[in-house]
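Notes follow once the structure below has been shown.
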Amino acid sequence: MAIERVAVIGAGTMGAGIAQVCAQAGWTTRLYDAFPEGLERGMQRIDAFWDKGIARGKTTAEEKAQWSSNLEAVSDLEKAVSDADLVIEAVPEIPDLKHSIFSQLDTLAPSHCVLGTNTSSLSIADIAAATSRPERVIGMHFFNPVPIMKLLELVRHDSTSNATIALAQEAGNAMGKTTILVKDIPGFATSRLGVVLGNEAIRMLADGVASAKDIDTAMVLGYKHPMGPLALTDLVGLDVRRDILKNLQASFDDDAYAPHPLLERLVAEGRLGKKTGKGIYDWSSGEAKETSLD
Numbered sequence: 052m053a054i055e056r057v058a059v060i061g062a063g064t065m066g067a068g069i070a071q072v073c074a075q076a077g078w079t080t081r082l083y084d085a086f087p088e089g090l091e092r093g094m095q096r097i098d099a100f101w102d103k104g105i106a107r108g109k110t111t112a113e114e115k116a117q118w119s120s121n122l123e124a125v126s127d128l129e130k131a132v133s134d135a136d137l138v139i140e141a142v143p144e145i146p147d148l149k150h151s152i153f154s155q156l157d158t159l160a161p162s163h164c165v166l167g168t169n170t171s172s173l174s175i176a177d178i179a180a181a182t183s184r185p186e187r188v189i190g191m192h193f194f195n196p197v198p199i200m201k202l203l204e205l206v207r208h209d210s211t212s213n214a215t216i217a218l219a220q221e222a223g224n225a226m227g228k229t230t231i232l233v234k235d236i237p238g239f240a241t242s243r244l245g246v247v248l249g250n251e252a253i254r255m256l257a258d259g260v261a262s263a264k265d266i267d268t269a270m271v272l273g274y275k276h277p278m279g280p281l282a283l284t285d286l287v288g289l290d291v292r293r294d295i296l297k298n299l300q301a302s303f304d305d306d307a308y309a310p311h312p313l314l315e316r317l318v319a320e321g322r323l324g325k326k327t328g329k330g331i332y333d334w335s336s337g338e339a340k341e342t343s344l345d
């Protein structure tokens with residue numbers, strides 16, 4: 052089955068990025084959000100990204116015009132998905148919310164439509180159980196910032212069909228992504244490794260092993276990571292990282308995954324990372340600057 056129409060559910064940072072790369076792939080793309088202000092911010096984020104690309108000489112005004120013509124902001128869920136070949140859900144990591152959305156998608160989306168979820172840690176089988184078509188449900192875990200990061204982690208549960216996997220791989224290739232295929236195990240491959248490294252880096256910071264900048268530099272220069280684990284935690288969101296750790300802790304019944312108290316404290320203080328202007332680093336200038344955690 053060829054992909055022609057895609058709907059993205061949720062216009063936050065991830066959803067907007069996913070909608071952007073879908074539009075750039077040449078598909079008719081509808082971006083949906085239940086909150087008008089969130090939908091407007093998502094569209095503005097995409098427009099600003101394209102304008103920045105033009106200013107840097109990486110894209111052209113003609114390309115932006117073509118991509119923009121592929122993209123539509125939609126505030127009605129049925130309109131967004133009624134003729135979609137692929138739906139990608141990108142709402143917050145709240146199980147009940149995802150179950151509710153997938154139950155609605157099961158009713159509103161065409162029977163041939165594949166339903167993808169951008170969850171970074173929740174059970175795909177559990178989400179698929181909210182539908183009557185579990186064979187057409189697959190995890191499609193993108194990375195932030197979506198237009199730049201090349202990896203797409205595809206997560207199959209026991210009922211995911213080979214046809215669904217093939218379509219998701221085709222979609223990833225069309226979006227310029229390298230896909231990997233993993234089993235539906237808590238944390239999958241990337242989140243499980245990433246949050247453990249980030250949590251340990253926070254433990255080292257709390258223990259006074261080194262400064263945040265020096266811990267990050269150690270991984271960038273010593274292990275060729277493109278970004279240090281603390282800066283990455285700020286970019287992803289401290290609340291997101293905390294929630295993934297808690298999911299892993301509960302799923303494996305293993306306190307080794309428990310979020311470090313410093314992480315819990317920063318989340319409680321509203322220091323969630325770049326999206327709030329301050330996390331482990333101060334991002335008020337747009338770049339990561341050392342700041343006190345006291």
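Here this note's numbering is used: position 198 in the sequence shown is 249, and no number is missing along the way.
Cβ coordinates follow ideal geometry from the N, Cα and C atoms, glycine included.
These numbers were taken from a predicted model, which means no experiment stands behind them.
Open item on the list: Assuming the contact rule is C-beta atoms closer than 8 Å, leucine 313 and leucine 256 should be a hit. Round their C-beta distance to whole Å, please.
Closed with: 7 Å
Task: Contained beta strand (DSSP E) runs [length at least 3] in the segment 76-110, N- to C-terminal order - done: 79-83
Task: Pairwise C-alpha distance: lysine 340 and isoleucine 54 - done: 43 Å
- [ ] Please name the residue, chosen from Thr79, Ser119, Arg292 and Leu137, that lies closest to valine 247 on a Cα-to-Cα basis.
- [x] Arg292
- [ ] Taking isoleucine 253 and methionine 191 to be in contact with their CB atoms under 8 Å, please state how far apart those CB atoms are, rounded to whole angstroms.
- [x] Not a contact, Cβ separation roughly 28 Å.
Open item on the list: How far does the alpha helix (DSSP H) with arginine 292 in it extend, from its first residue to its last?
Closed with: 289-303
Task: threonine 182 (DSSP reduced to helix, strand or coil) - done: coil
Task: Any non-hydrogen atom of the ligand ADP within 7 Å of aspartate 127 CB - done: With respect to the ligand ADP, the structure shown offers nothing to examine, as it has no ligands at all.
Task: For lysine 329, three-class secondary structure by DSSP - done: strand
Task: Beta-carbon gap between serine 171 and proline 237 smaller than 8 Å - done: no
Open item on the list: Report the start-end ranges of each beta strand (DSSP E) in the segment 167-237 that is 3 residues or longer and not cut off at the edges.
Closed with: 188-192, 202-207 and 229-234
Task: Exposed unless 16 or more other CB atoms sit within 10 angstroms - verdict on histidine 163 - done: exposed
Task: Limits of the alpha helix (DSSP H) - the one that leucine 314 falls within - done: 312-319
Open item on the list: I'd like to confirm the pairing. Which residues does DSSP put opposite lysine 340 in its beta bridges?
Closed with: Asp333
Task: Assigned exposure category for lysine 103 - 16 Cβ within 10 Å defines buried - done: Counting C-beta atoms within 10 angstroms of its own C-beta, lysine 103 has fewer than 16 neighbours from the protein chains shown and is therefore classed as exposed.
TODO: Give a yes or no on contact between the segment 262-274 and the segment 215-226, applying the rule of three or more CB pairs nearer than 8 Å.
DONE: no
Open item on the list: Give me, in chain order, the residues of the same chain whose beta-carbon lies closer than 6 Å to that of histidine 150; leave out the 5 immediate sequence neighbours on both sides.
Closed with: Excluding sequence neighbours, histidine 150 sits near Ala181.
TODO: Tell me whether the beta-carbon of leucine 90 lies closer than 8 Å to the beta-carbon of alanine 124.
DONE: Yes. Within cutoff.
- [ ] Alpha carbon to alpha carbon, how far is leucine 317 from lysine 264? Give it in angstroms, no decimals.
- [x] 17 Å
TODO: Give the range of the alpha helix (DSSP H) segment to which leucine 122 is assigned.
DONE: Unbroken run through leucine 122 is the beta strand (DSSP E), 122-125; no alpha helix (DSSP H).
Open item on the list: Below 8 Å on the Cβ atoms is my contact criterion, and I expect aspartate 285 with lysine 325 to pass it. Report the Cβ-Cβ distance as a whole number of Å.
Closed with: With a Cβ gap of about 5 Å, aspartate 285 and lysine 325 count as contacting.
Task: Bridge-paired residues (DSSP) for glutamate 140 - done: Residue pairing by DSSP places glutamate 140 opposite Ile60 and Thr168 in a beta bridge.
Open item on the list: Quick check: what's the CA-CA separation for alanine 319 versus glycine 330?
Closed with: 11 Å
- [ ] Kindly indicate the opening and closing residues of the alpha helix (DSSP H) around alanine 269.
- [x] 263-273
TODO: Whole angstroms is fine: what's the gap from glycine 288's alpha carbon to isoleucine 295's?
DONE: 11 Å
Task: Opposing strand residues paired with glycine 279 [DSSP bridges] - done: Beta-bridge pairing links glycine 279 to no other residue.
TODO: Below 8 Å on the Cβ atoms is my guess for leucine 122 versus threonine 80; work out the distance and round it to an integer in Å.
DONE: 5 Å
Open item on the list: Can you check which of these residues, Gly249, Leu281 and Asp345, is closest to proline 310 by C-alpha distance?
Closed with: The shortest Cα separation from proline 310 among Gly249, Leu281 and Asp345 belongs to Gly249.
Task: Whole-angstrom C-beta distance between isoleucine 178 and threonine 211, which should lie under 8 Å - done: Not a contact, Cβ separation roughly 11 Å.
TODO: For glutamine 95, count neighbouring C-beta atoms within 10 Å of its own C-beta (all shown protein chains included) and say buried if the count is 16 or more, exposed if not.
DONE: exposed
Task: proline 87 versus Ser126, Leu137 and Phe100, residue with shortest Cα-Cα distance - done: Ser126
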